[in-house]
Amino acid sequence: MTLLEAVRNHWSWKGFEAVEILGFNSFGNLLVRSSSDQVWRIIPEELDARRVAGTLAEFESIRSDPEFLRDWDMAALLDVARTTLGPLSGGQFYCLEFPAVLGGAYDASNLALIDSAELIESSGDMARQIDQLPDGTRVRLVD
143 MTLLEAVRNH WSWKGFEAVE ILGFNSFGNL LVRSSSDQVW RIIPEELDAR RVAGTLAEFE
203 SIRSDPEFLR DWDMAALLDV ARTTLGPLSG GQFYCLEFPA VLGGAYDASN LALIDSAELI
263 ESSGDMARQI DQLPDGTRVR LVD
């Protein structure tokens, strides 16, 4: 399954129709253009997808913003991941084994390698399952 197919199949419940992957980082965060030319960011470690720009022109202006780039690059965690797990192979992302929103730590003990489509699929499915739960609700992960 391609990344675009994974987004369509596992994140469309957020209310956007994905038509193009505009970019991705080493942790599987995706920038996705919707059919209405909005730009969405999928954030697997937070089990979230949010609109970052209402138009492609707006996206062009924010993509060079230093604050956006700092958040996007995840440089400190990327250094830890490379040191701990080595370089990425084709079709892989680094990930948090337990998403941050479920209490997972942003540190070496919680980092793993994962197939890129699998990360988008599993994070979208988990996000949908917990979407309406109040903050602080206990969640049990099962295989």
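For our numbering, add 142 to where a residue sits in the sequence shown, where the first one is 1.
The beta carbon of each residue, even a glycine, is placed where N, CA and C say it ideally should be.
#1: Which residues mark the beginning and the end of the beta strand (DSSP E) in which R192 is found?
#2: Can you give me the start and stop residues for the alpha helix (DSSP H) that V174 sits inside?
#3: My parser needs the beta strand (DSSP E) runs of 3 or more residues fully inside the segment 248-272; what are they?
#4: Going by C-alpha to C-alpha distance, which of A218, I262, D190 sits closest to Q234?
#5: When burial is assigned at 16 or more other CB atoms within 10 Å of the CB, is P208 buried or exposed?
#6: Under the rule that 16 or more other beta-carbon atoms within 10 Å means buried, what is R280, buried or exposed?
#7: Is the CB-CB distance between M268 and L172 below 8 angstroms?
#8: Compute the beta-carbon to beta-carbon distance between A254 and A148, rounded to the nearest angstrom, for a pair I have assumed lies under 8 angstroms.
#9: How long is the line joining the alpha carbons of P241 and L283, rounded to whole angstroms?
#10: I'd like to confirm the pairing. Which residues does DSSP put opposite V181 in its beta bridges?
#11: Label E236 either buried or exposed according to how many other C-beta atoms from any shown protein chain fall within 10 Å of its C-beta, with 16 as the threshold for buried.
#12: Check the C-beta distance from R183 over to V194 and give it rounded, since I have them as a contact under 8 angstroms.
#13: Considering only their Cβ atoms, is the gap separating T226 from A250 smaller than 8 angstroms?
#14: Provide the residue span of the alpha helix (DSSP H) that contains A148, from first to last.
#15: On the premise that N252 lies in contact with L230, defined as a C-beta separation below 8 angstroms, what is that separation, rounded to the nearest angstrom?
Concretely, from the data shown:
#1: 190-195
#2: No alpha helix (DSSP H) holds V174; the beta strand (DSSP E) holding it covers 172-176.
#3: 253-257
#4: I262
#5: exposed
#6: exposed
#7: no
#8: Actually they are not in contact, since the Cβ atoms of A254 and A148 sit about 18 angstroms apart, beyond 8 angstroms.
#9: 11 angstroms
#10: R175, A195
#11: Rather than Glu, the amino acid found at residue 236 in this sequence is Tyr. The residue is buried, with at least 16 neighbouring Cβ atoms inside 10 Å.
#12: 5 angstroms
#13: yes
#14: 145-153
#15: Not confirmed; about 17 angstroms, so no contact.
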